[in-house]
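Written below as structure tokens is the structure these notes are about.
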Amino acid sequence: MQEPSSVPSAPRPPEPSITSPTDVSVKNSIQSHLTGPLPSVTSLPQITNTTSQNDFNDNESSLKVPVSLFANQEQSFSDPELDLPPYDLLYALVDLYFEHLNTWCPILHRRTTLDTFFGPAPLEEADRMVLYAIVATALRFSSDSRLTEQNRKRYHDCSKQKVLLYGLENSSVKALQALVILALDLVGSSNGPPGWKLLALITRSVVQLGLAVEAKSTLISPVYPSIYTLRAVTLPESESWIEDEGRRRLFWMVYLLDRYSTLATAFDFALDDKDIDRKLPCKDEYFIKNQPVETRWFQSSNDRPDNLIRSENVGSFGLYVEILGILSRIHVFLKRPVDIGALSDVEEWQATYRKLDSDLTTWEFNLPTEYTYENASRAFSGSKHKGHHCEWVQLHSVYQTAVIRLHSSAAYPTTRSPIFTPSYSASQRCLLAVDNILSVTRFVVNNNILDKLGPPFAFTLWVSARLLLVHGSTIAHTVSPDIVFIVDTLFRMGKYWKVAERYSTILQRVLDEYGEYQQAGAVDGDRSTPSTVKILADMRRCAFDLDFLISRQPRSSPTASQPTAQPTGLLSRNLAPNELEYLDVFGFFNVPRVPAGRTPDINNIDMAEPVNNPMSITGLTGAGNSNQLPVDNTSTNTNEFNITNYLIPTPETDWLFRPGG
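Taking full-length UniProt numbering, I'd label the letters of the sequence shown as residues 1 to 661.
Below is the structure:
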């Protein structure tokens, strides 16, 4: 990859005119070199940087930027009529998009995109919207000295508004591409309502355009069609294989955004796996070289007979989609309520748990050699470009995230019963996953590719750091010092992605509060019950209470004949900011979900009440001998709170790998 501070140097005779992407192109002037410094790319130790002006796989673009110089280059920054940067900076921003964003959002074909934006043909409005989206998203990576805060804000806000308005009024692949690229900017700023609203529009649009299914899918033309099952296909057929593969990649990127925006919440996915009948994306090298290939179908489970057909053509993006599919099934599984006092429910829960664990193991076992964790050093020594490193990092980071998501439910349950107890082996798998994430992160930091990984990688760090806090509040009775490295890495990512900065800030506040109690314990000299353990357990209990209360608030307004009940717990006082941060940190691990019938009414819980008996606040406890196991499928009603009095598991009592289990 070329240094971002220079444009392709291949000269050609000066042209009398060129079609600029801006509305007033004559006011834009063109330079052969950028006047401001852009961040240089530090090559990995094993890489020789030989791609000076080509795309990632030596597929040279037909674009040749004129080298004519004009005196009024700075005019475009001050002219309010110009809503895009000058030509040279515009090209640099597109180049930055492919360098920093296309590594994990590979939906655009580099050569085709560059020729469209900067070629001799006039730029159509739909293509201009994609360019606006790229500008809004890639500005964060430019260190051009001409981009003052005022200019950055003007270009960003103008581009954002144009893309949003166009996306609301137009339904097309180009409009959807622009919205998806803009969504990267929004979800990278905050995991909240602004991004959710845009993603709601995108997920509905991708289904309405028919992009969730292949052109010959039975979901479009079923064997026995009816007015209810025959889908309307509004898009014309693709004119080329690149366009067809681009549509496929566009859908899977929407799938990725939908999954990541939902995994951290209690919401349902906007895209249901049952409505998807798509093939996986091919290897990037085929896409870049315009080499048509066939790939296997996406599997909502591993039961499909053609699961491994044409596996050799599936690239890292396709493998990424597959592991996200497993992570999606884990999310749905953990949302499902389970009566941990009923033997039949617990046995069914454990069977599904083991099936998902098997799916994770199978996915890792079937990874191509170049992507295996153990073979990383050999693969990197023969790699010619940093893109392969990013692909490997992304695959293993999301895999380890899925491992933590599944096994933390068995390792650190918030509620236990005589037949539903914490698993020792599950906790060991969680810790091993965190260790692997730390190794991957050190590789990323040491090789300077942190800026080529987006919010999904920040989410992995966020999950692993919170796992260390949960483990410290339960089994370890101390927090691993490795969490400092994770928080620092998130802070560094915050330079480009505000959501990573927010993760870092929340974690640091929790660690500061933890440190204060740690110092207080050292002064008091009381080692019987470490205050650090107590504060972390109290934080998690607070998060549990909030989750419990919020999830059981009335969802429908009362009728006129019914008096409005005023809950005493959550709605009787304002929540402190740190309480909401506790929910951010620990709410991810509030499992299992106990059926509503096994919990008290919200009006009987008062969060302001002092906790004399930690069991009483959950309403999940009952009288009875906790050592008495059920003999049938009835509930034992002996559930216990498992946070402030966590039951430390042992290998001898582990149900996960019990002989014959």
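Heads up, the beta-carbon is just placed ideally off N, CA and C, and yes, glycines get one too.
In the structure shown, Ser417 adopts extended strand secondary structure according to DSSP, grouped into three states.
Spatial neighbours of Pro292 in its own chain (CB-CB distance under 7 angstroms, excluding positions within 5 residues in sequence) are listed in chain order as Trp241.
Nearest C-alpha to Val213 among Pro194, Ser190, Glu245, Ser473: Glu245. For Asp277, the pairing in a beta bridge is given by DSSP as Val213.
A contact between stretches requires three or more CB pairs, one per stretch, nearer than 8 angstroms, and the region 140 to 151 fails this requirement with the region 119 to 128. Around the C-beta of Thr361, fewer than 16 other C-beta atoms lie within 10 Å, and the residue is accordingly described as exposed. Taking 8 angstroms as the cut-off, the Cβ atoms of Gln394 and Leu490 do not count as close. Going by beta carbons, Trp655 and Ser480 fall outside the 8 angstroms limit.
As the crow flies, the alpha-carbon of Phe657 is around 49 angstroms from that of Ala178.
Cβ-Cβ distances below 8 angstroms link Pro281 to Pro106, Glu245, Arg248, Arg249, Trp252, Phe287, Thr295, Val314, Gly315, Phe317, Gly318, Val321 in the same chain, with the five nearest sequence neighbours on each side left out; the list follows chain order. Leu164 sits away from Ile202, with the two beta carbons spaced by 8 angstroms or more.
Spanning the alpha carbons of Thr116 and Lys153 requires a straight line of approximately 26 angstroms. The C-alpha of Leu199 lies about 11 angstroms from the C-alpha of Tyr260. The three-state secondary structure of Glu124, taken from DSSP, is coil. Counting C-beta atoms within 10 angstroms of its own C-beta, Asp157 has fewer than 16 neighbours from the protein chains shown and is therefore classed as exposed. When DSSP states are grouped into helix, strand and coil, Trp297 belongs to the strand group.
Residues Thr401, Ile404, Arg405, Phe588 of the same chain have their beta carbon placed closer than 8 angstroms to that of Val463, with the five preceding and five following residues left out of the count. According to DSSP, Cys282 shares a beta bridge with Val314. Here Ile643 really is in contact with Phe544; their C-beta atoms are around 6 angstroms apart, less than 8 angstroms. CA-CA distance, Ser417 to Asp482, rounds to 32 angstroms.
Residue pairing of Glu640 in beta bridges, as defined by DSSP: Arg416.
With contacts defined as CB atoms closer than 8 angstroms, Leu256 and Leu327 fail to qualify as a contacting pair.
Going by DSSP, Trp349 is part of the alpha helix (DSSP H) stretching over 343 to 365. Comparing alpha-carbon positions, the option among Asn191, Ser159, Pro193, Thr372 lying closest to Leu182 turns out to be Ser159. By the 16-neighbour rule on beta-carbons within 10 angstroms, Glu374 is exposed.
Distance from the CA of Val187 to the CA of Pro236, rounded to the nearest whole angstrom, comes to 31 angstroms. Taking C-beta separations shorter than 6 angstroms and ignoring five residues to either side along the sequence, the partners of Phe457 in its chain run Ser397, following chain order. Here Gly494 carries a coil assignment [DSSP, helix/strand/coil].
Taken through DSSP and simplified to helix, strand or coil, Leu406 comes out as helix. In this structure, Val499 is the residue among Leu438, Val499, Lys279, Glu243 with its C-alpha nearest to the C-alpha of Leu184.
Per the C-alpha coordinates, the member of Ala136, Ser425, Pro86, Ser143 positioned closest to Phe118 is Pro86. In this structure Cys390 touches Ile449 by the C-beta definition: roughly 6 angstroms separates them, less than 8 angstroms.
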